[in-house]
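This note's numbering numbers the first residue of the sequence shown as 12 and each following residue consecutively.
From the three backbone atoms N, C-alpha and C, an ideal C-beta is built for every residue, glycine too.
Note sheet for the following structure.
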Amino acid sequence: MKNKRIWYSAITVLILLGVLLIGPLNVFRHGHYVEEYYVRHIAPEDWQQQIPVETGVGYEMQFSPVKDFMNGFSIFLCNQPEKATGTLTLKILIEDKLIDEVSVKLKDVEAGQWYKVSTNKYLKKGVAYTLRFEAEGYKEVPLLQNVLEDYLPDETLTGNTLLAYSYAQPTFSIDERVLIVILLISLWLFVSSKMLDLKKKDYMRLVSICGFATALLAWVYTHNSLDTKNIEKYNEFQMNSETLVSNMIEAEHNGVYFSDDSENGYGLGRYYDFIAEKDDYIYTFLTDDTWVNGYSRKAGDLLVDSNLYTKSVILPGNTIEFSNGDRFEIVGINDDGDNIFISLGESNPLMELKYGSLNDIRIYDEDGKELPRGYLEVYLSQYGLQGKIFRHIARHVDYEDALPVLHLICGLLTALVLVLVTYVLYRKYNTIFAGCFIVTAFLGAYIVDYARNLYWVEFTWFLPMLFGLICAWKLNNKKSRILCYIGAFISITVKCLCGYEYITTIMMAMIAFLLVDAVVAFSKKDKDVFKLCVRTIVIIGVAALLGFFVAICIHASLKGQGDIVKGIGVIIKDDVLRRTSALDLNQFPEVYESLNTSSWAVLCKYFKLMPTVDILVGVPGNLFPVYCVAPICIMFYDYKKNKLNIEELSLYVVFFLTTVSWFLLAKGHADVHPELCFGLWYVGYVQVCLYIMVKKIAEVAKGRTGAEK
Numbered sequence: 012m013k014n015k016r017i018w019y020s021a022i023t024v025l026i027l028l029g030v031l032l033i034g035p036l037n038v039f040r041h042g043h044y045v046e047e048y049y050v051r052h053i054a055p056e057d058w059q060q061q062i063p064v065e066t067g068v069g070y071e072m073q074f075s076p077v078k079d080f081m082n083g084f085s086i087f088l089c090n091q092p093e094k095a096t097g098t099l100t101l102k103i104l105i106e107d108k109l110i111d112e113v114s115v116k117l118k119d120v121e122a123g124q125w126y127k128v129s130t131n132k133y134l135k136k137g138v139a140y141t142l143r144f145e146a147e148g149y150k151e152v153p154l155l156q157n158v159l160e161d162y163l164p165d166e167t168l169t170g171n172t173l174l175a176y177s178y179a180q181p182t183f184s185i186d187e188r189v190l191i192v193i194l195l196i197s198l199w200l201f202v203s204s205k206m207l208d209l210k211k212k213d214y215m216r217l218v219s220i221c222g223f224a225t226a227l228l229a230w231v232y233t234h235n236s237l238d239t240k241n242i243e244k245y246n247e248f249q250m251n252s253e254t255l256v257s258n259m260i261e262a263e264h265n266g267v268y269f270s271d272d273s274e275n276g277y278g279l280g281r282y283y284d285f286i287a288e289k290d291d292y293i294y295t296f297l298t299d300d301t302w303v304n305g306y307s308r309k310a311g312d313l314l315v316d317s318n319l320y321t322k323s324v325i326l327p328g329n330t331i332e333f334s335n336g337d338r339f340e341i342v343g344i345n346d347d348g349d350n351i352f353i354s355l356g357e358s359n360p361l362m363e364l365k366y367g368s369l370n371d372i373r374i375y376d377e378d379g380k381e382l383p384r385g386y387l388e389v390y391l392s393q394y395g396l397q398g399k400i401f402r403h404i405a406r407h408v409d410y411e412d413a414l415p416v417l418h419l420i421c422g423l424l425t426a427l428v429l430v431l432v433t434y435v436l437y438r439k440y441n442t443i444f445a446g447c448f449i450v451t452a453f454l455g456a457y458i459v460d461y462a463r464n465l466y467w468v469e470f471t472w473f474l475p476m477l478f479g480l481i482c483a484w485k486l487n488n489k490k491s492r493i494l495c496y497i498g499a500f501i502s503i504t505v506k507c508l509c510g511y512e513y514i515t516t517i518m519m520a521m522i523a524f525l526l527v528d529a530v531v532a533f534s535k536k537d538k539d540v541f542k543l544c545v546r547t548i549v550i551i552g553v554a555a556l557l558g559f560f561v562a563i564c565i566h567a568s569l570k571g572q573g574d575i576v577k578g579i580g581v582i583i584k585d586d587v588l589r590r591t592s593a594l595d596l597n598q599f600p601e602v603y604e605s606l607n608t609s610s611w612a613v614l615c616k617y618f619k620l621m622p623t624v625d626i627l628v629g630v631p632g633n634l635f636p637v638y639c640v641a642p643i644c645i646m647f648y649d650y651k652k653n654k655l656n657i658e659e660l661s662l663y664v665v666f667f668l669t670t671v672s673w674f675l676l677a678k679g680h681a682d683v684h685p686e687l688c689f690g691l692w693y694v695g696y697v698q699v700c701l702y703i704m705v706k707k708i709a710e711v712a713k714g715r716t717g718a719e720k
């Protein structure tokens with residue numbers, strides 16, 4: 012017993028140490044990352060005097076790290092003879108107290124080139140340090156180089172010395188750290204449940220297993236660890252939709268908000284600024300033989316994106332102020348529809364190294380009034396609850412960490428909901444069904460692609476299913492049913508406030524298991540269970556419809572500017588009819604060709620999958636029709652043998668109808684977005700097909716084993 016406690020204490024200490032080191036302390040660092048100047052981009056007139064570092068004299072300057080874990084410098088010496096001798100020593104001090112020094116052999120330093128110097132200690136963000144250069148034993152005095160202040164990095168406090176600063180980077184990203192900590196805590200809970208004599212150790216073990224599974228699944232959702240074939244699709248999946256959320260965060264970061272007060276209640280929008288090419292979240296300006304990040308290689312001209320914002324502020328007579336403070340008047344523009352060519356009347360090229368990124372420029376009108384730094388266009392098709400929540404969370408984290416943190420939150424929530432669904436399936440049905448569901452959660456490309464997306468918030472698809480499944484599992488428990496009714500109302504309200512897409516499939520998935528139980532009860536002539544199932548379906552369905560109606564009213568109050576009835580009419584016309592079937596085709600532009608497509612043609616489209624995407628990892632997409640038909644063949648065989656399982660048949664039919672409900676009722680949307688809507692097969696149907704096939708294989712294997720015995 013004593014040895015057991017010692018082992019438990021040792022394991023607890025190790026796990027706690029791991030949590031602290033990886034989590035709050037974040038001590039694991041690597042590398043020597045530095046942004047060195049491309050010195051050829053320094054204009055000749057901006058090179059200033061050279062600074063001799065003579066014995067007994069030296070040179071001092073002050074600097075302050077702008078990030079944590081600064082670990083060195085890159086120095087630039089102007090003159091170095093071929094066989095240089097002596098040493099250059101860099102001493103780092105705080106208020107005349109030496110904290111570190113590094114010596115460099117001058118023979119190793121090449122003139123006119125950067126030379127990296129590593130410190131022995133990490134230097135802290137925001138602390139003012141003195142850097143003293145000292146030289147001895149040289150043949151020729153080493154010379155440091157001064158440049159115009161515009162070229163100095165933010166770390167430099169005094170002096171104009173050409174110097175770059177290096178930092179170590181975290182070994183683990185912020186999402187990796189959180190997930191590793193969850194794994195460690197789950198491990199500790201599991202060890203505690205095994206090694207301690209506790210009353211609720213079974214509950215603790217269950218929580219640990221769920222935590223472990225959730226963290227692993229979230230890791231897959233944030234890194235796509237299991238499907239290398241799907242990497243390109245995963246990295247690019249629905250970035251255009253997600254920018255409706257990320258653009259709100261970016262706009263707020265730049266101090267830009269909706270210009271119309273009536274739009275302030277919405278949570279999503281498109282942000283426009285000077286970026287010439289906005290691909291994913293990598294913001295770049297045009298670079299080719301003529302342009303370098305939007306700067307002309309030949310003259311003092313610029314090139315920015317042509318959009319709603321730049322068209323309104325890039326006008327002749329307005330003034331551009333660069334990040335270094337220099338101002339130039341716009342003397343001419345040329346808008347080709349894609350880009351705006353800006354002439355500043357300068358014959359010599361302007362260098363980005365001196366003037367900064369074009370995304371940092373400010374525009375002033377002819378009266379000297381500063382104009383907004385961007386334009387935010389409201390997205391009216393939904394309320395945008397996810398945009399509101401994620402924007403609020405982003406305010407409390409570093410801007411550069413906002414997207415990884417939000418992706419992690421989405422991935423964790425999706426993983427948690429799917430793990431809970433798996434657990435309830437295990438309790439209500441069997442291990443095989445639960446296993447098929449969790450395997451699909453790990454290996455289903457579409458589930459993985461959607462999981463971290465900030466616009467689609469995939470966990471809102473499966474949360475209503477979870478409440479419906481719990482309701483079916485605890486059917487005879489009135490208290491549980493009531494809680495599930497409330498959960499259904501809230502989850503559907505949240506889903507609709509985050510978007511109406513796929514709502515028929517999501518609502519059907521919520522009642523799917525109750526429908527299956529009703530069919531099974533009817534086949535067994537169990538009237539009491541059948542009536543209870545029907546009554547429960549009606550009540551939870553009404554709760555869901557109320558949630559839908561509440562979300563519509565909240566959205567309509569914005570659409571109708573306070574007039575809910577008027578807003579509902581606008582929603583029906585602009586957001587419902589054009590995605591389903593129009594009452595009057597004359598009301599809609601010709602682009603809505605899907606309104607003329609037959610429901611049969613739309614349905615047939617969804618039995619074809621892009622061959623580059625697997626149904627599950629290792630199961631080619633072109634086998635999807637076979638994947639769908641195989642369970643039918645199995646059930647037909649069982650029927651011929653008088654062994655047809657009504658529950659399996661009901662699961663197959665109900666979840667098939669669950670998915671195709673959106674394809675048929677939202678025909679307009681489904682016809683033009685097959686790359687999106689194909690994922691609806693994974694809201695139960697793919698899992699059920701896998702379950703029927705695996706269960707039959709298990710039965711055959713068990714039968715053969717029994718026969719051999």
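Taking only the alpha-carbon atoms, compute the straight-line gap between residue i and residue j and give it to the nearest angstrom.
i	j	result
Tyr410	Phe559	34 Å
Thr330	Gly276	33 Å
Asp291	Met250	Confidence at Asp291 is low in this model, with a pLDDT of 48, below 50, so its placement is unreliable and the value that follows should be read with caution. Each residue's alpha carbon lies about 6 Å from the other.
His464	Lys542	Looking at the sequence itself, residue 464 is Asn, so the reference to His does not match. When rounded, the distance between both Cα atoms is 40 Å.
Lys509	Glu263	The amino acid at residue 509 is misidentified as Lys; the sequence shows Cys. Near 20 Å, if we compare the C-alpha coordinates of Glu263 and Cys509.
Ala229	Met519	26 Å
Trp199	Val192	11 Å
Lys720	Leu486	Interpretation of Lys720 is limited by its pLDDT of 48, a score under 50 that renders its predicted location unreliable; the figure taken from the coordinates is listed afterwards. Each residue's Cα considered, the two are about 40 Å apart.
Ala226	Met215	16 Å
Ile260	Lys651	60 Å
Ile372	Val152	41 Å
Ala593	Tyr513	Note that Ala593 scores a pLDDT of 49, beneath 50, so its modelled location is shaky and nothing firm can be said.
Val416	Arg188	11 Å
Phe39	Thr96	37 Å
Gly714	Asp649	15 Å
Ile353	Pro360	13 Å
Leu369	Glu340	15 Å
Phe453	Ile185	22 Å
Met704	Ala641	7 Å
Phe674	Ile522	18 Å
Val602	Phe248	Reliability of the predicted coordinates at Val602 is poor, the pLDDT of 47 falling under 50, and the value obtained from them is presented with this limitation in mind. Whole-angstrom Cα-Cα distance: 24 Å.
Gly379	Phe333	15 Å
Is the Cβ-Cβ distance between residue i and residue j less than 7 Å?
i	j	result
Gly638	Cys688	In the sequence as presented, Gly is not what sits at residue 638; that position holds Tyr. Result no, Cβ atoms of Tyr638 and Cys688 do not sit closer than 7 Å.
Ser392	Thr515	no
Val435	Ile481	yes
Leu662	Gly455	no
Val527	Val630	no
Gly690	Tyr394	no
Thr433	Ile449	yes
Ser317	Asp284	no
Tyr72	Leu142	Tyr is not the amino acid found at residue 72; the sequence shown has Met there. Result yes, Cβ atoms of Met72 and Leu142 sit closer than 7 Å.
Leu525	Ala483	yes
His41	Gly83	no
Val128	Gln59	no
Tell me residue i's beta-bridge partners as DSSP assigns them.
i	result
Phe144	Tyr70, Leu101
Ala641	Paired residues: none, contrary to the question.
Leu314	Phe352
Pro181	Arg40
Asn157	Thr172
Ser610	Partner(s): none; Ser610 has no beta bridge.
Glu3	Examination of residue 3 is not possible in this model, given that the chain is present from 12 through 720 alone.
Thr167	Phe74
Ile374	Ile331
Scan the stretch 467-492 and note each continuous alpha helix (DSSP H) run of 4 residues or more that stays entirely inside, going in chain order.
Runs found: 470-484.
Quick one: which unbroken beta strand (DSSP E) runs of 3-plus residues sit fully inside the stretch 398-474? Chain order, please.
Considered as a whole, the stretch 398-474 harbours no complete run of any beta strand (DSSP E) with no fewer than 3 residues.
For the stretch 502-552, list the alpha helix (DSSP H) runs that are entirely contained and at least 4 residues long, ordered along the chain.
List check, alpha helix (DSSP H) in window: 514-534.
Please specify which runs of the beta strand (DSSP E), each continuous and at least 3 residues long, are wholly inside the stretch 74-124, giving them in chain order.
The stretch 74-124 is shown to contain whole beta strand (DSSP E) runs of 3 or more residues at 81-87, 98-105, 108-116, in chain order.
Count the C-beta pairs between the stretch 160-168 and the stretch 111-128 that are closer than 8 Å, then say yes if the count reaches three, no if not.
The stretch 160-168, when compared against the stretch 111-128, does not touch it at the 8 Å Cβ threshold.
Jot down the residue ranges of each uninterrupted beta strand (DSSP E) in the stretch 645-693, minimum 3 residues, whole runs only, in chain order.
Here no run is fully enclosed.
Beta strand (DSSP E) segments (min. 3 residues) lying fully within the stretch 301-347:
Runs of the beta strand (DSSP E) lying entirely within the stretch 301-347, each at least 3 residues long, are 311-316, 330-332, 338-340, 343-346 in chain order.
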